[in-house]
Amino acid sequence: MKKSIITLGILCALFAGCKQKPNEPDKEKFEPVFMEAMEAWEQQQSQENQVITTIMERRSIRKYKPQAVERDKMDIILRCGINAPNGQNKQSWEVRVVDNPQLLDEMREAMAKGHPDLNPEMVKGCFRDAPTMVFIARDPAYDFSAYDCGLLAENMVLSAWSMGIGSICLGSPVRFLTDNDVCKPLVEKLGFSEGYELSLCVGFGYPDEAPAAKPRDWNKVQYVD
Ligand SMILES: Cc1cc2nc3c(=O)[nH]c(=O)nc-3n(C[C@H](O)[C@H](O)[C@H](O)COP(=O)(O)O)c2cc1C
1 MKKSIITLGI
11 LCALFAGCKQ
21 KPNEPDKEKF
31 EPVFMEAMEA
41 WEQQQSQENQ
51 VITTIMERRS
61 IRKYKPQAVE
71 RDKMDIILRC
81 GINAPNGQNK
91 QSWEVRVVDN
101 PQLLDEMREA
111 MAKGHPDLNP
121 EMVKGCFRDA
131 PTMVFIARDP
141 AYDFSAYDCG
151 LLAENMVLSA
161 WSMGIGSICL
171 GSPVRFLTDN
181 DVCKPLVEKL
191 GFSEGYELSL
201 CVGFGYPDEA
211 PAAKPRDWNK
221 VQYVD
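So in the numbering used here, spot 159 of the sequence shown is number 159, and the numbers just go up one at a time.
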């Protein structure tokens, strides 16, 4: 009898030992209030946070399937975009969407023509073959308009990713479209209001690649006491 009680005791101890993960603190050493907080935290951790998952898993996509993003889906993405925080709610942006492959081709050709010194294939590739391109212009009369546009773009990129749609923010087409006269008619075709300046492009489409995350430098972040 005594022997079986000892064996049972050893088994219980072993079982308890197995249940505790290597780095898990011994909960019995903590005050009940602390335990409650810890359990609440654990519960929170176990419920997946979709926003954080989307932010952490989003990647810039540079290879796309050919079909453009359906316009009803783009509408959701665009509405998320204009829901971004923006200075004084001035909404100092204007947005144009192009999913017409002929017009995108015309733009590619014009950008290459406007940069005869550069490799034409490199210039034409600046949209990264995204089948849906969004052009964002800013109101230069407002000194924070570039931030407004950036936040709008980020809202679009994240909402798209949460819907399985890839994206890429693009600065190079802004330069290629605005630093020469050949592309002028095509920028005019986008129909931005007088004075607005093209400031960022964002390509959207269904991803045809799954790139790894690029490293980030945590040392750039510091708490200051
Ligand atoms: C303002 C801006 C301009 C960018 N311009 C280009 C570009 O012209 N071409 C390109 O391939 N990627 C461009 N990118 C994408 C970045 O290269 C990319 O976000 C960065 O390498 C981090 O990778 P990740 O988005 O996958 O985390 C741009 C991103 C931003 C925010």
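Note that beta-carbon positions come from the ideal geometry of N, C-alpha and C, so glycine has one too.
Taking the beta carbon of residue i as the centre, do at least 16 other beta carbons fall within 10 Å, making it buried, or is it exposed?
i: Ile52; result: exposed
i: Ile82; result: exposed
i: Asn219; result: exposed
i: Val221; result: exposed
i: Met56; result: exposed
i: Leu118; result: exposed
i: Asp72; result: exposed
i: Glu94; result: buried
Just how far apart, CA to CA, sit residue i and residue j?
i: Asn89; j: Asp148; result: 9 angstroms
i: Asp107; j: Cys201; result: It is Met, not Asp, that sits at residue 107 in the sequence shown. Approximately 13 angstroms between the Cα atoms of the pair.
i: Pro207; j: Lys65; result: 6 angstroms
i: Asn180; j: Gly114; result: 6 angstroms
i: Glu194; j: Val224; result: 44 angstroms
i: Met122; j: Val182; result: 17 angstroms
i: Ala212; j: Asp99; result: 27 angstroms
i: Pro101; j: Ile168; result: 17 angstroms
i: Glu36; j: Ile165; result: 40 angstroms
i: Lys184; j: Pro116; result: 16 angstroms
i: Arg216; j: Glu70; result: 33 angstroms
i: Gly205; j: Met74; result: 10 angstroms
i: Glu48; j: Lys214; result: 23 angstroms
In chain order, what residues of the same chain lie with their CB nearer than 8 angstroms to the CB of residue i, ignoring the 5 residues before and after it?
i: Leu198; result: Phe135, Ile136, Ala137, Val174, Leu177, Thr178, Val187, Leu190 and Phe192
i: Arg79; result: none
i: Ser162; result: Gln50 and Thr54
i: Phe127; result: Leu104, Met107, Arg108, Met133, Leu170, Pro173, Cys201 and Gly203
i: Pro120; result: Ala112
i: Leu151; result: Ala84, Pro85 and Asn86
Residue i and residue j look like a contact to me (Cβ under 8 angstroms); what is the Cβ gap, rounded to whole Å?
i: Thr132; j: Ala68; result: 5 angstroms
i: Ser145; j: Ser92; result: 4 angstroms
i: Ala160; j: Ile77; result: 5 angstroms
i: Tyr196; j: Asp139; result: 6 angstroms
Enumerate in chain order the residues of its own chain whose CB-to-CB distance from residue i is below 7 angstroms, with the five nearest sequence positions on each side excluded.
i: Leu158; result: Thr54, Ile55 and Arg58
i: Tyr142; result: Gly87, Lys90 and Ser92
i: Ala110; result: Val182, Cys183 and Leu186
Can you name, in chain order, every residue of its own chain whose Cβ lies under 6 angstroms from the Cβ of residue i, other than the five neighbours on each side?
i: Arg96; result: Phe135 and Leu190
i: Lys63; result: Asp208 and Glu209
i: Lys124; result: Arg108 and Ala112
i: Asn155; result: Cys80, Gly81 and Ala84
### Message
Suppose only complete runs of 4+ residues qualify. What are the alpha helix (DSSP H) ranges in the segment 33–106, listed by chain order?
### Response
50–57 and 71–82
### Query
Where are the alpha helix (DSSP H) runs, 4 residues long or more, that stay fully inside the segment 181–206, in chain order?
184–189
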